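Protein chains: 2
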Amino acid sequence: MLPGVGAKGAQRMVYRLLARDRDAGIRLASLLEACMREVGECENCRTYCETKRCPICTDVRRDTSALCVVEGPSDLLAIERSAGYKGRYFVLHGHLSPLDRVGPEDLAIPKMLDDINEREVREVILATSSTAEGEATAWYIARALINAPHEVRVSRIAQGIPLGGELEYTDDGTISHALMGRTEMRS
Amino acid sequence: MLPGVGAKGAQRMVYRLLARDRDAGIRLASLLEACMREVGECENCRTYCETKRCPICTDVRRDTSALCVVEGPSDLLAIERSAGYKGRYFVLHGHLSPLDRVGPEDLAIPKMLDDINEREVREVILATSSTAEGEATAWYIARALINAPHEVRVSRIAQGIPLGGELEYTDDGTISHALMGRTEMRS
Numbered sequence: 007m008l009p010g011v012g013a014k015g016a017q018r019m020v021y022r023l024l025a026r027d028r029d030a031g032i033r034l035a036s037l038l039e040a041c042m043r044e045v046g047e048c049e050n051c052r053t054y055c056e057t058k059r060c061p062i063c064t065d066v067r068r069d070t071s072a073l074c075v076v077e078g079p080s081d082l083l084a085i086e087r088s089a090g091y092k093g094r095y096f097v098l099h100g101h102l103s104p105l106d107r108v109g110p111e112d113l114a115i116p117k118m119l120d121d122i123n124e125r126e127v128r129e130v131i132l133a134t135s136s137t138a139e140g141e142a143t144a145w146y147i148a149r150a151l152i153n154a155p156h157e158v159r160v161s162r163i164a165q166g167i168p169l170g171g172e173l174e175y176t177d178d179g180t181i182s183h184a185l186m187g188r189t190e191m192r193s
Numbered sequence: 007m008l009p010g011v012g013a014k015g016a017q018r019m020v021y022r023l024l025a026r027d028r029d030a031g032i033r034l035a036s037l038l039e040a041c042m043r044e045v046g047e048c049e050n051c052r053t054y055c056e057t058k059r060c061p062i063c064t065d066v067r068r069d070t071s072a073l074c075v076v077e078g079p080s081d082l083l084a085i086e087r088s089a090g091y092k093g094r095y096f097v098l099h100g101h102l103s104p105l106d107r108v109g110p111e112d113l114a115i116p117k118m119l120d121d122i123n124e125r126e127v128r129e130v131i132l133a134t135s136s137t138a139e140g141e142a143t144a145w146y147i148a149r150a151l152i153n154a155p156h157e158v159r160v161s162r163i164a165q166g167i168p169l170g171g172e173l174e175y176t177d178d179g180t181i182s183h184a185l186m187g188r189t190e191m192r193s
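Residue numbers (my numbering), protein chains in the order written: chain A, 7 to 193; chain B, 7 to 193.
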């Protein structure tokens with residue numbers, strides 16, 4: 007059920023806790039429950055947080071004219087770790103996938119486009135994964151932004167990231183370079 | 007902290023639960039807590055169980071004249087899965103390790119020797135891992151059984167298990183063969 011955990015791995019974890027530290031197991035259980043109940047989504051960028059707005063959206067030092075669009079909260083953290091970006095984010099929580107019936111509304115893309123127009127965001131960096139679905143999602147957003155009432159520069163992070171790879175598992179240096187080498191998108 | 011789980015893996019698991027099934031996360035937390043609080047050790051064989059005695063020790067169809075000594079509850083389960091053994095078990099919860107100050111008393115070996123004498127166990131199968139510590143533990147128990155008041159056949163599971171390997175991760179067929187090919191131990 008959980009990624010990377012099979013029956014033997016799960017058994018090994020529980021036995022380790024039973025043998026060495028039951029209190030840690032109880033703390034883990036209580037943290038997990040609190041996490042499931044209390045973690046919500048930032049009303050602005052949709053990343054996971056326990057407040058109405060996340061620390062990045064409320065940070066006045068962040069550049070509000072740039073918006074980086076990612077597929078998931080873990081991609082946001084990966085970019086933050088690379089420390090090469092000082093703008094804001096928008097988390098899609100997925101990518102366009104017609105076969106799974108995931109359309110623009112499921113990813114809150116219309117809300118994001120409204121926000122971009124209202125706040126007059128000047129640059130949108132599309133940092134979806136370099137998979138087929140990630141590319142399609144980036145192109146969809148780029149096309150939608152052609153009709154924006156003000157000028158928006160739309161860029162795609164560079165293909166320094168290995169083709170078919172997922173952003174979450176890319177090393178920080180590669181992410182940093184991919185952000186710097188971003189190329190303007192024209193459709 | 008948990009075996010095989012790093013920071014990225016843990017984050018990936020929590021994000022999967024947050025995104026797809028928070029109820030499952032809450033159920034997992036509650037099961038984990040119940041497990042930490044309620045799972046004890048069988049007063050007879052010391053494996054994990056939620057009752058005073060485990061299902062194997064209370065199963066009248068098991069051969070009480072044979073005792074299989076293992077390092078941990080997961081080794082017991084691995085042997086049960088191989089379905090080649092119908093006797094009982096004793097779980098040491100570790101192996102002799104003088105450097106870590108783990109002596110025979112920490113593994114309840116004196117209690118086990120008393121049980122073997124009281125219940126007139128006729129065969130003891132030493133199924134500790136084929137690591138240096140597992141071998142030393144097996145030899146220690148074999149030597150201690152020389153002085154048993156009744157005759158005890160002491161055997162060691164065959165070295166069909168890869169040298170240096172841990173029992174828990176051996177495939178069922180190899181475990182089955184190792185049990186069948188067990189050789190008598192003389193010290």
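No residue lacks a Cβ here, since even glycine has one placed at the ideal position from N, Cα and C. Being a predicted model, the structure only gives us computed values, none of them experimental.
Proximal residues of chain A, C-beta to C-beta of residue i below 7 Å
i                : result
Val20 of chain B : Cys41
Val45 of chain B : Leu24
Arg28 of chain B : Met42
Gly93 of chain B : Per Cβ cutoff of 7 Å: no residues; Gly93 of chain B is ~22 Å from chain A at best.
Nearest candidate by alpha-carbon position, reference residue i, set the options
i                 : options                                : result
Asp69 of chain A  : A:Glu157, A:Ser161, A:Ile163, A:Glu126 : A:Glu126
Ser182 of chain A : A:Val20, A:Arg59, A:Glu86              : A:Glu86
Cys48 of chain B  : B:Ser36, B:Leu34, B:Thr64              : B:Thr64
Leu24 of chain A  : B:Tyr54, B:Leu34, B:Met19              : B:Tyr54
Tyr175 of chain B : B:Arg26, B:Leu83, B:Lys58              : B:Leu83
Leu102 of chain A : A:Asp121, A:Glu77, A:Lys92, A:Lys117   : A:Glu77
Ile163 of chain B : B:Lys58, B:Arg52, B:Thr180             : B:Thr180
Glu124 of chain B : B:Leu105, B:Ala89, B:Ser71             : B:Ser71
Leu119 of chain A : A:Leu37, A:Leu38, A:Tyr146             : A:Tyr146
Cys51 of chain B  : B:Ser36, B:Asp112, B:Val97, B:Ala40    : B:Val97
Glu172 of chain B : B:Asp81, B:Asn153, B:Ala40             : B:Asp81
Glu129 of chain B : B:Lys92, B:Leu105, B:Leu113            : B:Lys92
Asn153 of chain B : B:Ala133, B:Thr134, B:Asp178, B:Ile122 : B:Ile122
CB contact below 8 Å: residue i versus chain B
i                 : result
His156 of chain A : no
Ala13 of chain A  : no
Ala142 of chain A : no
Gly179 of chain A : no
Pro61 of chain A  : no
Ile32 of chain A  : yes
Ser182 of chain A : no
Ala150 of chain A : no
Ala133 of chain A : no
His99 of chain A  : yes
Inter-residue spacing [alpha-carbon to alpha-carbon] between residue i and residue j
i                 : j                 : result
Val75 of chain B  : Ile62 of chain B  : 14 Å
His99 of chain A  : Pro79 of chain A  : 7 Å
Arg94 of chain A  : Arg18 of chain A  : 40 Å
Glu139 of chain B : Leu73 of chain B  : 20 Å
Pro9 of chain A   : Pro155 of chain B : 53 Å
Asp27 of chain B  : Arg159 of chain B : 53 Å
Glu157 of chain B : Ser136 of chain B : 26 Å
Ser88 of chain A  : Ala142 of chain B : 49 Å
Pro110 of chain A : Val20 of chain A  : 41 Å
Ala184 of chain B : Ala144 of chain B : 15 Å
Below-8 Å beta-carbon distance, residue i vs any chain A residue
i                 : result
Tyr54 of chain B  : yes
Pro104 of chain B : no
Gly109 of chain B : no
Residue i Cβ short of 7 Å to the ligand FMN heavy atom set
i                 : result
Val127 of chain B : Among the components modelled here there is no ligand, and therefore nothing to report on the ligand FMN.
Beta-carbon proximity check, residue i vs residue j, cutoff 8 Å
i                 : j                 : result
Met42 of chain A  : Gly15 of chain B  : no
Glu56 of chain B  : Val66 of chain B  : no
Leu151 of chain B : Leu34 of chain A  : no
Ser161 of chain A : Ile115 of chain A : no
Within chain A, the residues that residue i reaches when beta carbons sit closer than 9 Å
i                 : result
Ala114 of chain B : The contacting residues do not exist; Ala114 of chain B stays about 14 Å from chain A at best.
Gly78 of chain B  : Tyr21, Ala25
Ser88 of chain B  : Result: empty, since nearest Cβ-Cβ is about 14 Å, beyond 9 Å.
Chain B contact residues for residue i, given Cβ-Cβ distances below 8 Å
i                : result
Met36 of chain A : At residue 36 of chain A the sequence reads Ser, which differs from the Met that was named. Those are Ala35, Glu39, listed as they occur along chain B.
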